[in-house]
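Report on the structure given below.
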Amino acid sequence: MWEAALRALICPPSVLAAQLDRLAGVIGLDTVELGIIPFSASLKIPPATAFWMYDDSRVIVETWHSELWIEDEVGVSTYLRTWNTLKESAVYGADAHRAISAARRTLNV
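Sequence positions in the sequence shown follow UniProt numbering and run 1 to 109.
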């Protein structure tokens, strides 16, 4: 997740605060790997559209006008490489928690 997503006020501050609290709460769960790509990260690829990986068989890409379900091997492989590249720039665990907490503190709620 890009750090900017933690700070974008696309909802009331109280709602964003609750969302940030939930994100902080999932760090450390066995079934969740939450990485934050900080503003200070060195990036090998630029930010682009949001996407979700579902094992090695499906990727869902969100664009402005549609949701794309990619299930062909070449397409999924492209997003898997993208995911692995982005993971290298992310922080996890305590560092991710600090990024979330810093964003939460700016809300003053």
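Glycine included, C-beta positions come from ideal geometry on N, C-alpha and C.
Because the structure is a prediction, the values reported are computed rather than measured.
TODO: For my contact list, Ala90 and Ile37 are in at a C-beta cut-off of 8 Å; report their separation, rounded to the angstrom.
DONE: 5 Å
Task: Status (buried if at least 16 other CB within 10 Å, exposed otherwise) for Ala96 - done: buried
Task: Residue nearest to Leu23 in terms of C-alpha spacing, selected from Asn108, Arg98, Leu9 - done: Arg98
TODO: Go ahead and label Leu68 buried or exposed: buried means 16 or more other beta carbons lie within 10 angstroms of its beta carbon, across all protein chains shown.
DONE: exposed
TODO: Look up Ala50 in the DSSP assignment and say whether it is helix, strand or coil.
DONE: strand
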